[in-house]
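In full-length UniProt numbering, the protein residues as written are 1 to 319. Here's the structure, in structure tokens; my notes come after.
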């Protein structure tokens with residue numbers, strides 16, 4: 001089968017197009033004929049071996065696919081972090097998610113990681129209450145586009161989006177943000193407070209790191225919450241100190257999707273069910289960020305790392 005493999009860690013240049021044997025499903029596993037592959041920013045960290053879970057070589061990147069089982073069932077699944085960039089993949093039978101009629105591949109793949117992440121950030125990490133202000137950094141990205149829509153659907157009082165271009169800010173406004181500001185603002189604290197009518201903000205969803213995180217924390221109101229789920233800048237924030245947290249009654253929550261599967265009550269399943277219901281009701285929608293051939297995985301990673309993309313990127317294993 002055609003696949004993309006990493007044999008040395010690094011940037012997009014280490015993604016190699018190769019031919020590999022078909023994977024063999026073991027006990028409790030099923031072979032999936034892949035229709036589309038989801039691309040996540042975490043995949044770029046995986047190729048570098050800078051992700052939270054260490055990578056092992058040789059590696060077929062990619063943790064999410066949609067396709068069909070041998071009996072013809074259309075399923076969406078997470079693969080445990082690797083094996084997705086290929087024509088066929090092996091999934092855990094307990095992790096297969098039947099895809100409802102009316103949900104296309106783009107929407108399904110937008111929800112399995114990014115949509116579930118946005119749901120968990122707002123529901124579990126930030127505990128959004130009706131009327132609160134919500135800042136969504138990288139609002140035109142995979143998580144951001146869903147988070148803006150969910151915050152509005154769940155009664156946020158004011159949604160403030162940040163993005164790096166006029167086109168991205170226009171998209172965030174189209175999706176329901178009340179105001180959109182330049183993510184490159186020199187003083188993000190002042191920019192966020194101005195966007196919130198001069199008031200401090202209640203919730204910040206952040207995957208940037210560095211200066212943006214530090215200045216976002218400074219913009220939080222008492223009992224404000226910053227939910228941190230990535231570090232795209234690859235720069236460590238400096239303001240996360242206990243005296244700062246105590247001095248402003250601040251909550252800083254980290255969120256890694258992998259931990260959702262250990263929660264009682266099938267929280268991840270609830271997230272996916274609600275996301276599908278909202279999509280079928282026309283209350284949220286997925287944003288296409290570009291479809292690449294499997295042979296163009298390197299270009300997809302380059303686009304992600306350039307921060308030029310919007311919405312969800314997919315790979316087509318037939319190309």
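Using N, Cα and C, we set each Cβ at its ideal position, and we do this for glycine too. Quantities reported herein were computed from a predicted structural model and do not represent experimental measurements.
Item: Just mark residue 133 as buried or exposed, buried being the case when its beta carbon has 16 or more other beta carbons within 10 Å.; Value: buried
Item: Using CA coordinates, which residue listed in 73, 80 and 257 is at the minimum distance from residue 62?; Value: 80
Item: Can the beta-carbon of residue 40 be found less than 7 angstroms from the beta-carbon of residue 113?; Value: yes
Item: So is residue 230 buried or exposed if we call it buried at 16+ other beta carbons inside 10 Å?; Value: buried
Item: Beta carbon of residue 135, beta carbon of residue 160: below 7 angstroms?; Value: yes
Item: Does residue 51 come out as helix, strand or coil in the three-state DSSP assignment?; Value: coil
Item: Is the segment 85–105 in contact with the segment 27–36, if contact means three or more CB pairs nearer than 8 angstroms?; Value: yes
Item: What number of angstroms, rounded off, separates the C-alpha of residue 284 from the C-alpha of residue 317?; Value: 27 angstroms
Item: Going along the chain, which residues of its own chain have a beta-carbon closer than 8 angstroms to the beta-carbon of residue 225, five neighbours each way excluded?; Value: 125, 126, 127, 202, 203, 204, 250, 251, 252 and 253
Item: Decide if the segment 260–273 is in contact with the segment 285–298; the criterion is three or more beta carbon pairs, one per stretch, under 8 angstroms apart.; Value: no
Item: Can you look up residue 12 in the DSSP assignment and give me helix, strand or coil?; Value: helix
Item: Return the CA-CA distance between residue 110 and residue 149, expressed in angstroms with no decimal places.; Value: 13 angstroms
Item: Within the same chain, show all residues whose beta-carbon is closer than 6 angstroms to that of residue 279, passing over the 5 residues directly before and after it, in chain order.; Value: 107
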